[in-house]
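Structure first, then comments.
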Amino acid sequence: MQIHTITRFFWFCSGAHVPLLKRLPTETNKYVGIGGTVFFTGLFASLAAGYALYTVFDSLLIASIFGLVWGLMIFNLDRFIVSSMRKRNKAWSEWKMAFPRLVFAVLLAIVISRPLELKIFEKEINRKLDEKKMEMIAQSKLAIDKGFPEIQSLEAKKDSIQAETEKAIAFRDKLQQEYDFERFGTKTDGTSGIVGLGSNARKKEQQLDAAQKELDGTRLSNQARIDTLEAEISRLMAFREAEFLKRAPQIESFDGLAACLDSLYALTQESEAIKWANYFILLLFIALETAPIFVKLISPRGPYDEVLELREENVQVYVKEQSFKTKKRSERNIQLFESEVFS
Numbered sequence: 001m002q003i004h005t006i007t008r009f010f011w012f013c014s015g016a017h018v019p020l021l022k023r024l025p026t027e028t029n030k031y032v033g034i035g036g037t038v039f040f041t042g043l044f045a046s047l048a049a050g051y052a053l054y055t056v057f058d059s060l061l062i063a064s065i066f067g068l069v070w071g072l073m074i075f076n077l078d079r080f081i082v083s084s085m086r087k088r089n090k091a092w093s094e095w096k097m098a099f100p101r102l103v104f105a106v107l108l109a110i111v112i113s114r115p116l117e118l119k120i121f122e123k124e125i126n127r128k129l130d131e132k133k134m135e136m137i138a139q140s141k142l143a144i145d146k147g148f149p150e151i152q153s154l155e156a157k158k159d160s161i162q163a164e165t166e167k168a169i170a171f172r173d174k175l176q177q178e179y180d181f182e183r184f185g186t187k188t189d190g191t192s193g194i195v196g197l198g199s200n201a202r203k204k205e206q207q208l209d210a211a212q213k214e215l216d217g218t219r220l221s222n223q224a225r226i227d228t229l230e231a232e233i234s235r236l237m238a239f240r241e242a243e244f245l246k247r248a249p250q251i252e253s254f255d256g257l258a259a260c261l262d263s264l265y266a267l268t269q270e271s272e273a274i275k276w277a278n279y280f281i282l283l284l285f286i287a288l289e290t291a292p293i294f295v296k297l298i299s300p301r302g303p304y305d306e307v308l309e310l311r312e313e314n315v316q317v318y319v320k321e322q323s324f325k326t327k328k329r330s331e332r333n334i335q336l337f338e339s340e341v342f343s
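Numbering (the UniProt record's numbering), first residue to last: 1 to 343.
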């Protein structure tokens, strides 16, 4: 009973007329194969579409519903295509009739193959997305920095003040060295070379004390200015950081379907292996999507096709007979009507 139920289901998937197939047991396996191909093509389409929507909405429920609807649509379309193709031992006419369907099947294959390609190359795509995010972060920081030129100006002022302090320290250190040389009798262009605290040493000491006093004043004044500048720099940097934090979520969410497709394209340009793997995956899905049509095209004409054509011809003959009878009846009625009117 289980096998019989599965057989009937695949017959339904093939679009065949079940009561007619029951009378032709030799055709059972043929249409089970055609129906199975149609069914699994729809199943693969459903899985691919569901994954594509999951990457967009990140919702399992939405992805499942849309994937089911998409799979049913593809299933119904393939079933219609296969059931509408007739085997009449005219290969060229059959291929000509199937050509538009094959083109449409290829387009569908391209659409449904993309999501699964994204899944197959997920790790490589994530790595590429991380690189892109880092690049976007760097560009964003650079753009934000350009929007706060005051920070660089204040940093330059701070460096200038610090240079002024360092210059005063260097001058003090120079006087300290001259004072030490004078005390210890080291002969230079600016010292006497006499050991001890003589008049020259005291004069050097006074100059050193004045330089130290001036340095202390400069340090105190400059530190106050530096503190003011640093406070302003900290305030502007806080604004800059807040501006970056506003953009950060947009950068972090840069992992949608379009971004993944762009990353996959970039990977195919960088790696020959990925490019060829991408081509073969696409060809595989084209083969899967066009399989129902090719199965119907390559299947030989059998008893089912003979009986079906006979029934269709019987219907055509019956329609012609009824049309001829109706036409003759109408002509006879017109003649009777004319004879009554003109008699």
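Ideal placement from N, C-alpha and C gives every residue a C-beta, glycine not left out.
It should be emphasised that the depicted structure is a prediction, and the values quoted were computed from it without experimental measurement.
Original post:
So, is LYS30 buried or exposed, given that buried needs 16 or more other C-beta atoms within 10 angstroms?
Top reply: Flag for LYS30 reads buried.
Original post:
Quick one: any contact between the segment 296 to 316 and the segment 73 to 92, if contact means 3 or more CB pairs under 8 Å?
Top reply: Judged by Cβ distances under 8 Å, the segment 296 to 316 makes contact with the segment 73 to 92, as three or more pairs qualify.
Subject >> Burial state of MET1, where buried means 16 or more other Cβ atoms lie within 10 Å >> reply: Below a pLDDT of 50, predicted positions are generally treated as unreliable, and MET1, at 38, falls in that range; no measurement from the model is reported.
Subject >> Under the three-state DSSP convention, the category ALA16 falls into >> reply: Coil, per DSSP.
Subject >> Which of helix, strand or coil DSSP assigns to ARG8 >> reply: Three-state DSSP puts ARG8 in a helix.
Subject >> Proximity below 8 Å, CB of LEU116 to CB of ALA49 >> reply: The answer is no: Cβ separation not under 8 Å.
Original post:
If you compare alpha carbons, which of GLN162, GLN177 and PHE148 is closest to ALA224?
Top reply: Looking at the Cα atoms, GLN162 is the closest of the given residues.
Original post:
What did DSSP end up calling MET97 once you bin it into helix, strand or coil?
Top reply: Helix at MET97.
**OP:** Work out the CA separation of ALA63 and ILE286 for me, nearest whole Å.
**Re:** Rounded to whole angstroms, ILE286 and ALA63 show a C-alpha spacing of 23 Å.
Original post:
alpha helix (DSSP H) containing LYS123: first to last residue?
Top reply: Here the alpha helix (DSSP H) through LYS123 covers 122 to 146.
Original post:
Could you give the uninterrupted runs of the alpha helix (DSSP H) lying entirely in the segment 16 to 78, keeping only those of 4 residues or more?
Top reply: Listed in chain order, the complete alpha helix (DSSP H) runs (minimum 4 residues) inside the segment 16 to 78 are 18 to 22 and 28 to 57.
Subject >> Between the CA atoms of CYS13 and ASP130 - distance to the nearest angstrom >> reply: One C-alpha to the other measures close to 44 Å.
**OP:** Look at the alpha carbon of GLY217 and the alpha carbon of GLU150, and state the distance between them as a whole number of angstroms.
**Re:** Rounded to whole angstroms, the gap between the alpha carbons of GLY217 and GLU150 is 28 Å.
Original post:
Using a Cβ-Cβ cut-off of 6 Å (strictly less than) and excluding sequence neighbours within five positions of PHE75, which residues of its own chain qualify?
Top reply: For PHE75, where only same-chain residues beyond five positions count, the Cβ hits under 6 Å are GLY42.
**OP:** Apply the 10 Å Cβ neighbour rule to SER46 and answer buried if 16 or more other Cβ atoms are within range, or exposed otherwise.
**Re:** The residue is buried, with at least 16 neighbouring Cβ atoms inside 10 Å.
Original post:
By Cβ distance, which residues of its chain are closer than 7 Å to PHE244, with the 5 residues on each side in sequence left out?
Top reply: Answer for PHE244: SER140, LYS141 and ILE144, listed in chain order.
Original post:
Whose C-alpha, out of LEU24, LEU20, PHE39 and SER263, is nearest the C-alpha of ILE6?
Top reply: Comparing Cα positions, the closest option is PHE39.
Subject >> Nonlocal neighbours in the same chain, by C-beta distance under 6 Å from VAL18, ignoring five residues either side >> reply: Result list for VAL18: TRP11, in chain order.
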